[in-house]
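For the sequence shown, counting from 1, position 39 maps to 39 in full-length UniProt numbering; every step adds exactly one.
Notes for the one structure printed next.
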Amino acid sequence: MTPLPGEHAEAKNHPGGHVYRIKGEYGPDDAVPPEAIAGAWKVDTDGHIEGDFIPNPNFRP
Numbered sequence: 001m002t003p004l005p006g007e008h009a010e011a012k013n014h015p016g017g018h019v020y021r022i023k024g025e026y027g028p029d030d031a032v033p034p035e036a037i038a039g040a041w042k043v044d045t046d047g048h049i050e051g052d053f054i055p056n057p058n059f060r061p
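Written as structure tokens, this is what we have:
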């Protein structure tokens, strides 16, 4: 899976963390159910997505 432009932009806000692909619409203060998370990419310390997409086995499309 290839990161979308918005996911690359979001990576800049989370250096050293992860960026998640989420199905559905959730606000910044909403709890995202685990089954709505398709997976994630690791973000390096410079805020760039690195490596392959890590799928969530509990994702329910």
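Cβ atoms here follow ideal geometry from the backbone N, Cα and C, with glycine treated the same way.
In the three-state DSSP reduction, glutamate 25 falls in the coil class, being neither helix nor strand. Spanning the alpha carbons of phenylalanine 59 and glutamate 25 requires a straight line of approximately 15 angstroms. Cβ neighbours of glycine 17 within its own chain (closer than 7 angstroms, five residues either side excluded): Val43. The Cβ atoms of asparagine 56 and isoleucine 37 sit closer than 7 angstroms to each other. For proline 55, the three-state secondary structure derived from DSSP is strand.
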